[in-house]
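Following this note's numbering, the numbering of the sequence shown begins with 46 at its first residue and continues without gaps.
The beta-carbon is built from N, C-alpha and C at its ideal position, and this holds for glycine as well.
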Amino acid sequence: MSVKWILLTNLVIKESEVIVMTLNIFFISITFKKHKESLQEAARNEMIEKLYEQNKERQLTNYHLL
Numbered sequence: 046m047s048v049k050w051i052l053l054t055n056l057v058i059k060e061s062e063v064i065v066m067t068l069n070i071f072f073i074s075i076t077f078k079k080h081k082e083s084l085q086e087a088a089r090n091e092m093i094e095k096l097y098e099q100n101k102e103r104q105l106t107n108y109h110l111l
């Protein structure tokens, strides 16, 4: 008795019986979308950056005074 195996894309056939094989594939899509700032957001971000720089300079001058 000879056993014949035929491999197809997602199943294996052994003479008259069909053995189903599962194929696990994960489909992941990642989308990047550039956010456009409004004028208010741009002004707020600029003010935050300016305050951050001022605070950093103040910390450095206080550190050098010690």
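Close Cβ partners of residue i (< 7 Å) along its chain, the five nearest in sequence each way excluded
i, result
"Q99", "none"
Buried or exposed by the 16-neighbour rule on C-beta atoms within 10 Å, applied to residue i
i, result
"S47", "Only weak support exists for where S47 lies, its pLDDT of 44 falling under 50; the coordinates are left without a value."
Cut-off 8 Å between Cβ atoms - residues of its own chain near residue i, not counting five sequence neighbours on either side
i, result
"N90", "E82"
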